[in-house]
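Numbering (this note's numbering), first residue to last: 693 to 1330.
To keep things clear, I will list the structure first and then write my remarks on it.
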DNA sequence: CGCGATCGCGCC
DNA sequence: AAAGGGCGCGATCGCG
C-alpha cells in the first residue's frame, strides 16, 4: 500500500486488495462524506465517499460523486423576479469519472467493519449510524475509538473539538479553508478526494497521538468507559424515541389558537401593536414613562448590558399590571409552541427548522463530548429540556413521548444523586446517616438547620433547606439562598452559618478539593471514575474570577461523578437488556427504557440492577436509590 | 444574507 | 468579568 499518497479506488480488484491490507492491521480510521438535503442526519444521510487510513497508508473510495474536475460554469447568484430574492445557481462541472456503486462497495467492506479490528472515527456515532443503513440498520461492531472523545477527555475546555480545529492545533495543518465537507457535492472531484483522504489520515494520526496522551494522563480507564458508552449512544440514535404525531398536530392547533388570543391581550394592555418578541420594545413599553406610552414600571433588575430585564421574574414582580401579566402568558405559550411543537414538526420551506420526526421517531443526538463536566448534551432536538409534567402544557408535551404499541416505558431516575455523591465524598455524618436511614435529604437538612425533629419539618423549612443544598452544590451565596427561600439575606446568612456548624465535613471537603486541585498542573479535579476537569482559573489572582473557578471545581466533581455513574449504569443496562428492549433516553439522572408490556417486570428488574447493582453501589459509601415507574407515556412518570 | 451576540427560558 | 453549576434553542438585532 502506498504511504499516505492520495490513493483513489475505482475498481473492485483494487478495492479487494486494499481491504485485504486493512484486514492485516489491528486498527483503522474511517470517515464518510454524505451529501444531499439530509447530509447531516446520520440515519438518513447517503454516503458518496468513504475514506480509510491506517499506519502509513490511506485510501478514498468515491461512490457517486457528481462532479469531475473541469469547470463548465461558475456558481452565480441571480435575482428571482417572483420572490425578489437571490437564487443560488451552483457551479457546473464536467462529468465525473466512473465510480464504484455503493452496492458494490459495502459488501466488500462488510467483513472488515464487522471484524474485531479497532474502528476509529472522529465523532464516531455519526459515521457508525451513517454506515449502518448499508448493513440492515446494523452499525459496524465494536471495538471503537473516537478521536473527538479523546480530544475532549484531553481538553474539555476547548472551544471546538472539530477535526479541522484540532488538526490545526496539534499538527499545524489547516486543510479545509474552503469548507469542502460542508457540502461535498458542489466541489470538484479531486478536491473532495483530497479532503476525504485528509480526514481519514488525520483521524488516524490523532488517534495514535491521543492514545499515548490519554495513557500518560491516566485517562485510559475513563476512555474505556466512554467507548462502551459510544456503543450505547449509537444504538439509541438508530432506534429513536417514538412521538405521537397526531397529538402533536393537535397541540399545534391548540397552542397556535391560544397564542393569537394571548397576543390580543398583550396588544390590548399595551394600547398598541408592537413586535411582541422584541426585548428592546418590551423594555420601552414596560419601563418607559407613561407620557411615551409606557407603563412606567420600576425595573426589578438589569440585564448584563445594563438594560432593565423583561424576564419572568421581573414581570412577576408586577402582578397588578395587565401588560406584565399578559406578556408572561404570551412567553409561556410562545415557548411551548415554537421551541417544542414546531421544533419537532418543523416549518414547511424553512431549512433552518426541519421536521425532526422521520419514521414516527425522533433520533436525537446525545453529544458525548457536549459538556465540560462529563454529562451529555443533546441536540436536534434537545430531549433533555422537555417541560416537566407539572403543568397542563408540560404534561401534554412530555406525553408525546410514548411507548410503542404493546410496549411500556420504564422510567427510572436516581434520587438526589448529587447529594449522595456529596455525602460520599464529604462523609458528612448527618448526611450519611440520613441516606442510610432513607430520609429525604432536604428534610434532613431542614431538621438540622432549624433544630427540629424530622416530623416537625414544615414545607417552608424543607424548601429553605433545598435552597441551601443547592447553594452547597452550586456554590451560591446568601442572596440566592434568600431568593429561593423567600426570606431576607440576613436570615439566609444565618441559615448558612448554622448549616456550616451542622455539616462541618462538607466545608472541610470543599477546602480539601480546592487545595488538592490547585497543586496540580494544570489545576484540575478528578471525578469518581478519573475524569478530569481542568480549571486554570483556580490560580487566578483576581478574586472573583478565582471564586468562579472554585465553584466550578466543586460542582464539576459532584456533577461529573454523577455523570460517571449514570454512564456506567447505561453501559450495564445496555449489556443486560435482551433483544426487544432498548434504552431510549438519558437525562442526567434519568434513564428511559422500552420493553414489551408483558415483560415489564423483567425489564424493571434489569433497570434496577443496572442502576443500583453491585458494580455501581460498590463505588459509593452511601446507598443510592432510584424512583422507577412503568408507564405508557413519559409524562406519567412522577 | 449569514453570523455572532444578547436576552430569555426549558431541563437536571 | 463572574458570588448558582451544567446545557440547547428561538427570536431579535447589529455587523460585515
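Where a beta carbon is used, it is the ideal one built from N, C-alpha and C, also for glycine.
Buried/exposed call for residue i, threshold 16 Cβ in 10 Å
| i | result |
| --- | --- |
| residue 1340 | In the structure as shown, the chain starts at 693 and stops at 1330, and residue 1340 therefore has no counterpart that could be examined. |
| residue 1098 | exposed |
| residue 764 | exposed |
| residue 952 | exposed |
| residue 1182 | exposed |
| residue 863 | exposed |
| residue 704 | exposed |
| residue 1256 | buried |
| residue 762 | exposed |
| residue 1195 | buried |
| residue 812 | buried |
| residue 838 | buried |
| residue 941 | exposed |
| residue 716 | exposed |
| residue 669 | For the chain, the structure presents residues 693 to 1330; residue 669 sits outside this window and is missing. |
| residue 727 | buried |
| residue 814 | buried |
| residue 1129 | exposed |
| residue 758 | exposed |
Close-in-space but distant-in-sequence residues of the same chain around residue i (CB under 8 Å, 5 per side omitted)
| i | result |
| --- | --- |
| residue 981 | 988 |
| residue 986 | 976, 977, 978, 979, 980 |
| residue 935 | 1036, 1049, 1052, 1053, 1054, 1092, 1093, 1094 |
| residue 1005 | 992, 993 |
| residue 1206 | 1230, 1242, 1245, 1246 |
| residue 800 | 704, 707, 708, 711 |
| residue 939 | 1088, 1091, 1092 |
Sequence-distant residues of the same chain with beta carbon closer than 7 Å to residue i, five excluded per side
| i | result |
| --- | --- |
| residue 1072 | 1048, 1056, 1057 |
| residue 694 | In this predicted model, residue 694 has a pLDDT of only 49, less than 50, meaning its place in the structure is not dependable enough to derive any value. |
| residue 1068 | 1058, 1059, 1060, 1062, 1278 |
| residue 1013 | 987, 989 |
| residue 1202 | 1246 |
| residue 832 | 805, 806, 811, 820, 823 |
| residue 947 | 1025, 1028, 1029, 1033 |
Bridge partners - residue i, DSSP secondary structure assignment
| i | result |
| --- | --- |
| residue 1070 | 1058 |
| residue 1274 | 1286 |
| residue 933 | 1054 |
| residue 780 | 769 |
| residue 725 | 741 |
| residue 720 | 811 |
| residue 1106 | 1318 |
| residue 1330 | Bridge partners of residue 1330: none, in fact. |
| residue 699 | 751 |
| residue 1085 | Looking at the DSSP assignment, residue 1085 forms no beta bridge with any residue, so it has no partner. |
| residue 870 | Its beta-bridge partners do not exist; DSSP assigns none. |
| residue 1323 | 1101 |
| residue 1093 | 935 |
| residue 885 | Note: residue 885 sits in no beta bridge, so no partner. |
Supposed close pair residue i, residue j - CB separation, criterion 8 Å
| i | j | result |
| --- | --- | --- |
| residue 929 | residue 734 | 7 Å |
| residue 1138 | residue 1157 | 4 Å |
| residue 979 | residue 1000 | 5 Å |
| residue 1410 | residue 1262 | Because the chain is modelled from 693 through 1330, residue 1410 falls outside the range shown and cannot be assessed. |
| residue 1274 | residue 860 | Between residue 860 and residue 1274 the Cβ distance is about 39 Å, and since that is not below 8 Å, they are no contact. |
| residue 725 | residue 876 | 5 Å |
Contacts around residue i, its chain only, beta-carbon distance under 6 Å, and the 5 residues preceding and following it disregarded
| i | result |
| --- | --- |
| residue 1142 | 1153 |
| residue 1222 | 913, 914 |
| residue 900 | none |
| residue 909 | none |
| residue 1087 | 1081, 1327 |
| residue 1123 | 1115 |
| residue 882 | 761 |
| residue 1185 | 1170 |
| residue 1140 | 1122, 1194 |
| residue 1016 | 1007, 1010 |
| residue 1282 | 1105 |
| residue 964 | none |
| residue 1313 | 1116 |
| residue 1096 | 934 |
| residue 702 | none |
Contact test: residue i Cβ vs the ligand FMN heavy atom, cutoff 7 Å
| i | result |
| --- | --- |
| residue 1325 | Only the bare structure without any ligand can be found here, which leaves the ligand FMN out of the picture. |
Starting from the N-terminal side, write out each stretch of the alpha helix (DSSP H) that is 4 residues or longer and does not extend beyond the stretch 972–1048. Segments of the alpha helix (DSSP H) lying fully in the stretch 972–1048: 1004–1008, 1014–1027, 1034–1037.
Complete runs of the alpha helix (DSSP H) confined to the stretch 1135–1178 [at least 4 residues]: Runs found: 1151–1166, 1170–1177.
What runs of the beta strand (DSSP E), each 3 residues or longer, lie entirely inside the stretch 1168–1246? Runs found: 1216–1218, 1224–1226.
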